[in-house]
Structures are given as structure tokens and as C-alpha cells.
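Under my numbering, the first residue of the sequence shown is numbered 984, with each subsequent residue one higher. Cβ atoms here follow ideal geometry from the backbone N, Cα and C, with glycine treated the same way. This one's a predicted model, so the numbers in the text were calculated from it and none came from an experiment.
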Amino acid sequence: MDYETIAMSKDGPVGTITLNRPGALNALNEQMVKELISALDEFERDASLRCVIITGSERAFSAGADIKEMAGMTAVQMAMTGHFFPLWDRVGRFPKPIVGALSGFVLGGGLELAMSCDILVASETTQLGQPEIDIGVMPGGGGTQRLTRAVGKYKAMEMILTGKRIGAEEAKALGLVSRVVPKEAYLTEARKVASEVASRSPVAVRLAKMAVNKAFEMGLSDGIDFERELFYLLFASEDKSEGMAAFMEKRSPQFKGK
Ligand code: DAK
């Protein structure tokens, strides 16, 4: 499919979606959201694809939802605008792992999109924030919940109530990004991490991602029970036999996702 607001590429088992509205700092408008969901659908159907990278430009991952598009909307129009709601769910529940490659502005809905990814690699120039309060609203794409779970109540309150941005190193110290690298290296680093994940058993990766995400939804003992069931399930996979045989034969495993 031809896209206008995003670009899609594939390198072996790793697919990349690049947000591409440079004139609007990759603000998420209706077309971009629809194209992003459609690109994810394509990547989900592609059995040879094992890991996805979502990135933007060096200046901006995304400056959030398109304010110019939202400005004239009434409450009812906003509530009835179907395109926004599925996005974060689609990204958050995407079965294959998603690496967010962040640089520059990661704001509002852009940070909410990033927080729906699984591993976040950030350039040292990254600035993250929920500035919705500055335009008289509040986060609406999961920010109050996901940011609070990521950084705790007090930092989340400070960020959400003042709209102030934090830098990459502070985000890393808070556990809001996985790693920080020089700005020349963020995309290479994201590709490296994605390739590492893609070389592991796709079955184990998928179930491990499900189990980690359940930690946000379940209490500890239910979560541990859930983990244990998935763990037993992996003993029925060919990848488990291959992984353990390869270890004992001192060779690299060839995982098939079976
Ligand atoms: N929307 C539309 N255009 C944007 C934009 C945005 N969010 N951010 C930047 N732009 C545009 C600017 O208007 C400008 O366009 P021109 O005027 O040149 O045509 C161009 O990008 C470059 O921006 P600046 O000239 O402002 O560049 P600076 O370097 O001076 O400043 C900035 C960069 C990122 C600090 C600044 O642009 C800024 O503050 N942007 C707004 C950031 C923001 O407030 N983001 C939160 C938006 S609200 C929902 C779920 C979630 C949401 C909504 C609904 N539902 C489930 C229904 C999410 C809401 C949000 O994200």
C-alpha cells in the first residue's frame, strides 16, 4: 500500500515504520493514525517479520496529536472520532515486539504512542513530555495511566500538571526509556536491539511480551500463575527443543517460530 504520512521498510525480519510529517513535527492526524494502523496490520500478516521499529525524525518522534485538526472539534465530535482510540490499543496489543526509536520531541500523543511500544531507545536529544495542560486539556491516549505506572505518581503528576518536558538521561533514570545513545546512533542502536530480539524464538518472544504486559493489569499472584501457564506452554514448542539442543551441542539455535 502507498502511504503519505508514514514510510514503511523491511530489512530481513525487522520492519520499520517511519512517521513522516516533517512540517508538523510528525503530529498525529487522522490520516497518519489510519496509515499507522494499516502498516501494523501489514506487518502482523507478514510471517517472516519478527520485530517492528517505530521511529520519526531526528527533530521529532512526534509532537503529539494534531492540534490544528482538534482545535475546532466539539466534545461530541471528539468522542465520536473513532480513529484515535484504536491506535494505542493496536500498538499496545500488537503481538510482535515493537522498538520505539526516539529522538527530539516526544510529546503528548507522541509520548503515549512511545509508551505503547515495548523497548525504547532514545537519542540524547530526546525531550519527553505530556504538555496537554498547556493547551487546556489533559492526556487522553493513556498518558495518565502509562506514565504513572512507568515513573510513579509524583513525577507523573509533575509532568502532567506542569506540562514540563524531561530529557533523555532523566527519562532513563526514571525507567521511562530503555537506553540512551548519541544522536547519530539511535536508529542503528534500535536496529541492533530489534535484530537481537528477532533472532530469538518468535514463540517465546510473543508469550514473554504478553506476560510482561499482564504485569500492568493483574495482581502479583495472578500474574505469576499466568506466567507459569505460558512457561509450560513453551515446553510444547519446537523452538524450546531446538534452543536447548543447540545449547548442549554448543551451536547457535535456528528458531522457526514453531
Ligand atoms: N499539532 C499540529 N501542528 C504542530 C504540532 C501539533 N501537536 N506541534 C508542532 N506543530 C507544527 C507547528 O504548528 C509548526 O507548523 P507551522 O506553523 O510552521 O505551519 C511546525 O510544526 C513546527 O513547530 P514550531 O514552529 O512550533 O517548532 P518549535 O521548535 O518552535 O517548537 C514544539 C516545537 C514541539 C515545542 C512546539 O511545536 C509545540 O509545543 N507543539 C505542540 C506540542 C503539544 O502540545 N503536544 C500535545 C498535543 S495534544 C485522544 C488521545 C490523545 C490525544 C488526543 C485525543 N483521544 C483518544 C481522543 C493527544 C493529544 C495531544 O497530543
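Classified as buried, residue 1113 has 16 or more neighbouring CB atoms from the shown chains inside 10 Å of its CB. Excluding residues up to 5 positions away in sequence, 1087 lie with their Cβ nearer than 6 Å to the Cβ of residue 1042 in the same chain.
Beta-bridge pairing by DSSP links residue 1043 to 1087 and 1088.
For residue 1110, the enclosing beta strand (DSSP E) covers residues 1110-1112. Note on geometry: alpha-carbon atoms of residue 1228 and residue 1187 lie some 16 Å from one another. No heavy atom of the ligand DAK is found nearer than 6 Å to the CB of residue 1069. If you draw a straight line from the Cα of residue 1102 to the Cα of residue 1055, it comes to about 35 Å.
At least 7 Å separates the beta-carbon of residue 1105 from that of residue 1133. In this structure, residue 1083 sits away from residue 1011, with a CB-CB distance that is not shorter than 7 Å.
Three or more beta-carbon pairs separated by less than 8 Å are not found between the region 1211-1222 and the region 1020-1032, which leaves the two stretches without contact. The beta carbon of residue 1116 lies closer than 8 Å to those of 1143, 1144, 1145 and 1146 in the same chain, with the five residues before and after it left out.
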